[in-house]
DNA sequence: CAATTCTTGAGGTACGTAAATCAAAAATGC
DNA sequence: GCATTTTTGATTTACGTACCTCAAGAATTG
């Protein structure tokens, strides 16, 4: 049987109340006594029963999720997953508030972060833009003791607790490997389409992509990245323009959203046999893959990301460490053949 | 606040003891009273607090994992993950026993299953061979009320509770898509190497692979599958023989283990520019991918599989339903460019 | 050395559920 | 209508921890 607080008290030769004071960092215990208890904890290998503790504490974890609104299917999907997690909130002792902010609006994110009462919340998750105001607002929350997780797109300059998302450099490298091999030696140019290089995930994908393409496929040049703010119309226009003016283009890597626009642009150029790799399985992109318009899709499971964020924030709120392997978000690679 | 048993008692106009009898299926309650309680549960939306219940019950979950021994790196890795989970057992209220059986020995698996005392165990996970004796032994356990999860390789003819593993048909299809595209139109034959077609995972990969290759890449024929019992030496011999006698071979799909043997065989044929896809990232296969000997690796995260099995078995032991999306085991596709 | 502050012990209640006991009430059989 | 069985209620203890109060003891200050 695992040891309890009672065993610790007996082992340390102190009372239950003292053990409690030490374990919960309450004041009024001498240094000596603290170390007596701590060594008893080590000797017996005591670990607090978190479920019992939470029961006694009537612990709930109020969490805030800050996500961009707008027509982006992926973000809508993400929001739906957060809402689904909120539905399960009773069983998980969480109470989740979703805050939607305008897309590509760093000031709005910073404002939403600053509006959070650190005392009323046990964790915050956000889809960040990599800008100074957001970074500072995140660090302010961290300073107030609130764990903050970045979701989907990281904030490397900040002191955020954890990043819940895929390895975007690896994603870009994967895209390059696939496009490079699918082009099978044919020389030409690959057009890179991005939402915004202010998004860390987009910037990382672009850099991973460029690194592999340069190193492994010197016959392929890169055009872009063109920035579209994840707007489907802008994606369509950019791609149409590039295809019209640059006959060298043999492939396209859309590392951002707006696949609908990409598909529309491609519909007029089916004869060019372009190799196309994009991100995220949505209604449109799935169809494009099935139709052979896209050659591969790189996907992240936002349900997993949301659940991971919740686990991470809860663990950090309790000061526990987590099982890193479990929190690694995997990259799905879909070809038309293995679409689920 | 979520309702408690006390609220149910008040709502139904019965005592706490009666509520307890109903909720835990204890006898001595009239039909009428049962339904009074049940409707109160529905009205208030009561859900049992599992953590409190487990605390009160002093519940532990004794689990048995049956895995094949032998030199197979993947299985060793799997065993290590189970052992790691066993280390965390106190926090998860599990008590895990690992039982190693000789590889490719259905009778040994069946014997291990039959040796399990259904009353002393709350769940069993096993890496199954798809044979009648194992299927029957699994069904016997199910009949005794013990949840059984298949790990890595499924047992479709049985009444097993859950399969914790990847979609192996999709894995085979992915391999075919990659090999087909990487061959870029060049006609020839793809050699398929398997461990044993008695393993459902191997059989499913082979069938998924064949389906896509036939439908999408008619220029590629299939040789095999040759069965090697996952023995590296046998893999080496089979591949060497095939390469020596069949000049048409342009690609190899090793859907089983024994990558070391495959690598040895390939080392003598680096000039043939074969497209090679294999399964599982291990020390050897990772090196082969980095060296360009392999072109892609399809991987399953056995840590995730083990953790999923534990969640599933615990949930079933408590009669809870689980979050299916969370239990989907993803397929990792690794190129040399995105090796973690 | 007295007054004060700091430290510790003892004990209780609570969280939501499980499980048990025993007595009282209700239903049933004859 | 009485004896018998079945059903129900009331109450208690427990799980492991948190958190509170009160009093007593120890250490520190002037």
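Residue numbers (the working numbering), protein chains in the order written: chain G, 1 to 340; chain H, 1001 to 1340. Quick reminder that beta carbons are idealized off the backbone N, C-alpha and C, glycines included.
Between residue 193/G and residue 209/G, the C-beta spacing is not below 8 Å.
Residue 1050/H is positioned such that its CB atom lies no closer than 8 Å to that of residue 1037/H. Burial state of residue 1196/H is buried, judged by a 10 Å Cβ sphere holding 16 or more other Cβ atoms. Within the DSSP secondary-structure output, residue 61/G pairs in a beta bridge with 94/G.
With a threshold of 16 other beta carbon atoms within 10 Å, residue 1180/H meets it and is buried.
Shown here for residue 202/G: same chain residues with a beta carbon closer than 7 Å to its own, the five before and five after excluded, namely 194, 195, 196, 255 and 256 in chain order. If only uninterrupted beta strand (DSSP E) runs of at least 3 residues are considered, those enclosed by the stretch 1148-1190 of chain H are 1148-1151 and 1162-1164. DSSP, reduced to helix, strand and coil, places residue 1005/H within a helical segment of the structure shown. In the DSSP assignment, the residues bridged to residue 1331/H are 1300/H. Between residue 240/G and residue 278/G, the CB-CB gap reaches or exceeds 8 Å.
Chain-order list of chain G residues neighbouring residue 1325/H: 303, by C-beta distance under 7 Å.
In this model, residue 1008/H and residue 93/G are separated by some 20 Å (Cα to Cα). In terms of Cα proximity to residue 1052/H, the closest of 1045/H, 1005/H, 1175/H and 1167/H is 1005/H.
For residue 1173/H, the nearest beta carbon of chain G is closer than 8 Å to its own beta carbon.
Residue pairing by DSSP places residue 1279/H opposite 1298/H in a beta bridge. Of all residues in the stretch 61-82 of chain G, none is placed with a Cβ closer than 8 Å to any Cβ belonging to chain H. In the DSSP assignment, residue 1066/H is bridged to 1099/H and 1126/H.
Two segments are said to touch when three or more pairs of C-beta atoms, one from each, lie closer than 8 Å; by this definition the stretch 1316-1333 of chain H does not touch the stretch 1104-1112 of chain H. The Cβ of residue 313/G sits no closer than 8 Å to any Cβ of chain H.
Within 7 Å of the CB of residue 1163/H, no CB atom of chain G is found; the nearest one sits about 15 Å away.
Looking at the DSSP output, residue 1227/H shares a beta bridge with 1194/H. Residue pairing of residue 220/G in beta bridges, as defined by DSSP: 188/G. With respect to residue 147/G, residue 313/G sits close: the two C-beta atoms are nearer than 8 Å. Within the model, the alpha-carbon separation for residue 56/G versus residue 1055/H is close to 11 Å. Residue 254/G sits in a strand when the DSSP states are folded into three classes. Under the three-state reduction of DSSP, residue 1082/H is assigned to helix.
In this structure, residue 1060/H lies near residue 1095/H, with their beta-carbon atoms less than 8 Å apart. Ranked by how close their Cα comes to the Cα of residue 261/G, the residues 249/G, 222/G, 284/G and 273/G have 284/G in first place. Contact between the stretch 171-191 of chain G and the stretch 211-227 of chain G is established, with three or more Cβ pairs separated by less than 8 Å. Within the stretch 1179-1208 of chain H, the residues whose Cβ lies closer than 7 Å to some Cβ of chain G are 1181, 1182 and 1184, listed in chain order. Look at the stretch 265-292 of chain G: it has no residue with a C-beta under 9 Å from a C-beta of chain H. By the rule that beta-carbons nearer than 8 Å mark a contact, residue 1216/H touches chain G. Taking the beta carbon of residue 1307/H as reference, the chain G residues within 7 Å of it are 326, listed in sequence order.
When C-beta distances to chain G are compared with 8 Å, the residues of the stretch 1044-1063 of chain H below that value are 1047, 1049, 1050, 1051, 1052, 1054 and 1055, in chain order.
With contacts defined as CB atoms closer than 8 Å, residue 166/G and residue 126/G fail to qualify as a contacting pair. Annotated three-state conformation of residue 1116/H is coil, per DSSP.
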